[in-house]
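K.L.:
Per this note's numbering: the sequence shown = residues 33 to 128.
Every residue, glycine too, gets a C-beta built ideally from N, C-alpha and C.
Note that the coordinates shown come from a computational prediction; the quantities given were computed from them, not determined experimentally.
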Amino acid sequence: MAKKEFRTGLDAIFQSTGMDESSETKGRKTFVSDSNKEIRATFIVKEELLLKLKAIAYWERCQIKDIVDKAFLSVVSTYPSDKLIEIQKLFSENLK
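1) So, at 6 angstroms on beta carbons, what are the nonlocal neighbours of ILE99 in its own chain, with the 5 sequence-adjacent residues on each side left out?
2) Please specify which runs of the beta strand (DSSP E), each continuous and at least 3 residues long, are wholly inside the segment 78 to 114, giving them in chain order.
3) The beta strand (DSSP E) with LYS69 in it runs from where to where?
4) Please work out which residues of its chain come closer than 7 angstroms, Cβ to Cβ, to ALA34, disregarding the five sequence neighbours upstream and downstream, and give them in chain order.
5) Would you call the CB atoms of ALA97 and GLU70 closer than 9 angstroms?
6) Return the chain-ordered list of same chain residues with a C-beta closer than 8 angstroms to the C-beta of ILE119, the five sequence neighbours on each side being excluded.
7) To the nearest angstrom, how far is it from the Cα of GLU125 to the Cα of PHE75?
8) Considering only residues of the same chain and omitting the five flanking positions on each side of LEU116, which have a CB-CB separation below 8 angstroms?
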């Protein structure tokens, strides 16, 4: 094995990485995919339910977020579209 030579001084360790700190986004992070806009969110679930979701994702060979997405869509689809629009309108008014 060849011996490595370290010719730079300590100033090389403390140099800027070239990343602009102002370019970092703060707050909510949004991830944009092909056709969907995804937002990272945190939810508290029972441990037993999480283990079941992980097992289903493993069995289906997909990600946990895909299983959760299907579950959310299943719940949303139980509401008629006109009722859902009304609920969304009331919700957005209460955010102000």
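P.N.:
Based on what the coordinates show:
1) So the list reads LEU85, ILE88 and ALA89, once near-sequence residues are dropped.
2) none
3) 69 to 71
4) none
5) First, the residue type needs correcting, since residue 97 is Lys and not Ala in the sequence shown. Taking 9 angstroms as the Cβ cut-off, LYS97 and GLU70 qualify as a contacting pair.
6) TYR111
7) 23 angstroms
8) VAL108
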